[in-house]
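K.L.:
Quick one: structure below, then a few questions.
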Amino acid sequence: MDSKEITKAANLLREGKLVALPTETVYGLGADASNRSALELLYRIKGRPTSHPVIVHLHDEQQLKHWAIDIPDRVWLLADAFWPGPLTMVLKRADSVLDQVTGGQDTVALRIPNHPVALALLKEFGAGIAAPSANRFGRLSPTKADDVRKDLGEDVSLVLNGGDCLVGIESTIVDLSSENIRILRPGMILASEIESVLSEPVSAHNAADSHKSDSPRTSGSLPSHYAPKTPVQIVSSDGLQERVSTTKEEKVSVLSFRSSLVDGSVTPWIVAPEDASEYARCLYSNLRILDSMNTDLILVEAAPVSEEWNGVRDRLSRAAHSTQHSKH
Ligand code: TXA
Ligand code: MG
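With the first letter of the sequence shown counted as 1, position 289 gets the number 316 in my numbering; the numbers rise by one all the way through.
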């Protein structure tokens with residue numbers, strides 16, 4: 028990427044404007060994390076309630092001390108193992124951190140992304156960039172620069188094009204602000220990988236926990252998140268073919284590990300990769316494609332029940348959850 032483009036982006040951030048940036052997970056909508064009015068603009072454009080905290084993106088580990096206090100040793104171990112990369116750490120906030128970043132909580136979420144364009148911008152800007160996924164609240168996260176433009180239009184001053192995101196779903200969020208280490212949002216860095224670096228137990232993400240009042244608010248933990256406009260239903264592998272052939276009035280589209288067994292079927296059908304990382308990488312673009320087919324329903328074949336699929340299963344169940352609710 029042209030260094031002039033990076034300089035321009037950094038200057039826009041300094042002026043309190045919003046810049047969309049590629050990361051390895053999904054595109055982020057960036058704002059100066061130390062500028063109150065830039066953060067207010069960010070919430071307004073995203074259409075997100077101000078009580079929901081955002082992740083602050085950093086260039087290097089030295090910057091951690093500006094944002095967090097009481098940093099336990101395990102943070103440095105995880106930083107060495109996984110940063111830059113798709114891991115967000117929730118730590119005790121420093122006093123100077125704005126409430127607009129933390130949603131008024133006493134913790135702050137931090138991450139060093141692994142994307143050359145994001146890192147170049149972070150270096151040039153020289154400070155923390157608050158960046159939620161660059162989509163309107165409740166919609167699918169963008170994994171291409173084009174997705175951002177389609178969703179946010181002229182509301183974002185600049186979209187840095189860094190190609191397609193290689194991880195494809197949002198970072199794993201781990202809470203290190205207390206003794207009990209917990210996964211708040213599963214992603215492609217697994218609880219078992221964190222455990223093996225720390226040689227300590229990590230409480231895995233439990234969907235039921237996200238609704239308890241004492242758990243930190245994560246807007247990703249609202250069930251209606253990550254949803255296409257078309258309702259989504261998860262179907263077991265065994266039941267899929269029958270479900271498709273028995274839909275009469277409904278027009279459906281399908282995301283499945285297998286190709287259609289119905290000859291000459293006109294059902295829009297995407298064959299998904301069997302590898303979890305590959306599946307995650309193209310999950311949102313696959314859902315976007317099916318969402319654009321104007322069907323009544325998107326049927327998704329259930330993903331395998333194993334740890335490496337936790338992040339994918341989490342995003343699929345959220346997409347499907349909003350479906351159940353919109354029916355009532
Ligand atoms: O991969 C990612 O994490 C992407 C890219 C752009 O870095 N960002 C992203 O941001 O997914 P967003 O805002 O869509 O999701 C951030 C999640 C939310 O669920 C938010 O509530 C949670 O992080 N979060 C932020 N600060 C937190 C805190 N102090 N405690 C607990 N959760 C927090
Ligand atoms: Mg998001």
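Glycine residues also receive a C-beta, built at the ideal position from the N, C-alpha and C atoms.
#1: Output the residue ranges of the alpha helix (DSSP H) runs that lie fully inside the segment 71 to 132 and measure 4 residues or longer, sorted by chain position.
#2: Pair every Cβ in the segment 136 to 146 with every Cβ in the segment 42 to 60, then say whether three or more of these pairs are closer than 8 Å.
#3: Report whether the distance from the Cβ of S160 to the nearest heavy atom of the ligand MG is below 7 Å.
#4: So if DSSP puts T134 in a beta bridge, which residue, or which two residues, is it bridged to?
#5: Residue range of the alpha helix (DSSP H) that E305 falls in?
#6: Does the beta carbon of E51 fall short of 7 Å from some heavy atom of the ligand MG?
#7: From L179 to R71, what does the alpha carbon distance come to, in whole angstroms?
#8: Note down the Cα distance separating E334 from K31, rounded to an integer number of angstroms.
#9: DSSP on S344, reduced to helix/strand/coil?
#10: Only counting the same chain, and skipping five residues up and downstream in sequence, which positions put a Cβ closer than 6 Å to that of G112?
#11: L125 to E277, Cα distance in whole Å?
#12: Would you please state the rounded distance, in angstroms, between the beta carbons of D87 and I139? I believe it to be under 8 Å.
#13: Is the beta carbon of P113 within less than 7 Å of some heavy atom of the ligand TXA?
#14: Which one of S304, L326 and G57 has the shortest CA to CA distance from L314?
#15: Can you confirm whether the segment 164 to 180 touches the segment 300 to 312 when touching is taken to mean that 3 or more C-beta pairs between the two stretches lie within less than 8 Å?
#16: Tell me, please, which residues DSSP counts as bridged to I297.
#17: Would DSSP call S272 helix, strand or coil?
#18: Pull up the CB-CB distance for Q90 and G155, whole angstroms please, since I reckon it's below 8 Å.
#19: By DSSP's criteria, D202 is part of a beta bridge. Which residues make up the other side?
#20: Nearest to D323 by CA position, among Q260, G338, D302 and A158, is which residue?
#21: Contact defined as beta carbons within less than 8 Å: I believe R163 pairs with G57. What is the distance between those atoms, to the nearest angstrom?
#22: Consider the Cβ of T257: report whether some Cβ of chain C lies at a distance smaller than 8 Å.
#23: Does the segment 212 to 222 come close enough to the segment 184 to 204 to have 3 or more Cβ pairs within less than 8 Å?
#24: Tell me the rounded alpha-carbon separation between V293 and M28.
#25: How many Å lie between A330 and G266 at the Cα?
#26: Just checking E197 against the ligand MG - is the residue's beta carbon closer than 7 Å to any of the ligand's heavy atoms?
#27: Please state if the CB of K119 and the CB of D97 are separated by a distance shorter than 8 Å.
#28: Tell me, to the nearest whole angstrom, how far the beta carbon of P300 is from that of L317; I am working on the premise that it is less than 8 Å.
P.N.:
To lay it out plainly:
#1: 91 to 94, 100 to 109 and 126 to 129
#2: yes
#3: Sequence index remark: in the sequence shown, residue 160 carries index 133 (1-based). At least one heavy atom of the ligand MG is nearer than 7 Å to the Cβ of S160, so yes.
#4: Here the question's residue 134 lines up with position 107 in the sequence shown. T134 pairs with K119.
#5: Here the question's residue 305 lines up with position 278 in the sequence shown. That run of the alpha helix (DSSP H) goes A303 to D318.
#6: Translated into the one-based positions of the sequence shown, residue 51 becomes position 24. The ligand MG never approaches E51 closely enough for any of its heavy atoms to be under 7 Å from the residue's Cβ.
#7: The sequence position of residue 179 within the sequence shown is 152, counting from 1. The sequence position of residue 71 within the sequence shown is 44, counting from 1. Approximately 12 Å between the Cα atoms of the pair.
#8: Position 307 of the sequence shown, counted from the start, is the residue given in the question as residue 334. Position 4 of the sequence shown, counted from the start, is the residue given in the question as residue 31. One C-alpha to the other measures close to 42 Å.
#9: Here residue 344 refers to the residue found at position 317 of the sequence shown. Assignment of S344 by DSSP, reduced to helix, strand and coil, places it in the helix class.
#10: Numbered from 1 along the sequence shown, position 85 holds the residue referred to as residue 112. So the qualifying residues of the chain are N141.
#11: By 1-based counting over the sequence shown, the position of residue 125 is 98. By 1-based counting over the sequence shown, the position of residue 277 is 250. Roughly 48 Å between the two C-alpha positions.
#12: On the sequence shown, position 60 is the one that residue 87 refers to. On the sequence shown, position 112 is the one that residue 139 refers to. At roughly 7 Å, the Cβ-Cβ gap stays under 8 Å, so D87 and I139 are in contact.
#13: Indexing the sequence shown from 1 puts residue 113 at position 86. Flag set: Cβ of P113 near the ligand TXA.
#14: To locate residue 314, count along the sequence shown from 1; it is residue 287. It is L326 whose Cα lies nearest to the Cα of L314.
#15: yes
#16: Working through the sequence shown from its first residue, we reach residue 297 at position 270. For I297, which the question treats as bridged, DSSP gives the partners L282.
#17: Locating residue 272 in the sequence shown gives position 245, where the first residue counts as 1. Residue state, collapsed to three classes: helix.
#18: Along the sequence shown, one-based indexing puts residue 90 at 63. Along the sequence shown, one-based indexing puts residue 155 at 128. Yes, Q90 and G155 are in contact; Cβ-Cβ is about 7 Å, under 8 Å.
#19: Looking up residue 202 in the sequence shown gives position 175. V117 and R209, per the DSSP bridge assignment.
#20: For the purposes of this step, residue 323 is taken as the residue at position 296 of the sequence shown. When each option's Cα is compared against that of D323, the closest is Q260.
#21: The residue given as residue 163 occupies position 136 in the sequence shown. The residue given as residue 57 occupies position 30 in the sequence shown. Actually they are not in contact, since the Cβ atoms of R163 and G57 sit about 16 Å apart, beyond 8 Å.
#22: In summary, chain C is missing from the structure at hand, where a single protein chain is found.
#23: yes
#24: Numbered from 1 along the sequence shown, position 266 holds the residue referred to as residue 293. Numbered from 1 along the sequence shown, position 1 holds the residue referred to as residue 28. One C-alpha to the other measures close to 41 Å.
#25: Residue mapping note: residue 330 aligns to position 303 of the sequence shown, counting from 1. Residue mapping note: residue 266 aligns to position 239 of the sequence shown, counting from 1. Going by the C-alpha atoms only, they are around 13 Å apart.
#26: Within the sequence shown, the letter at position 170 stands for residue 197. For the ligand MG, at least one heavy atom lies less than 7 Å from the Cβ of E197.
#27: In the sequence shown, the residue the question calls residue 97 occupies position 70. In the sequence shown, the residue the question calls residue 119 occupies position 92. Closer than 8 Å, so yes.
#28: The residue labelled residue 300 in the question sits at position 273 within the sequence shown. The residue labelled residue 317 in the question sits at position 290 within the sequence shown. Incorrect: roughly 15 Å between the Cβ atoms, too far for contact.
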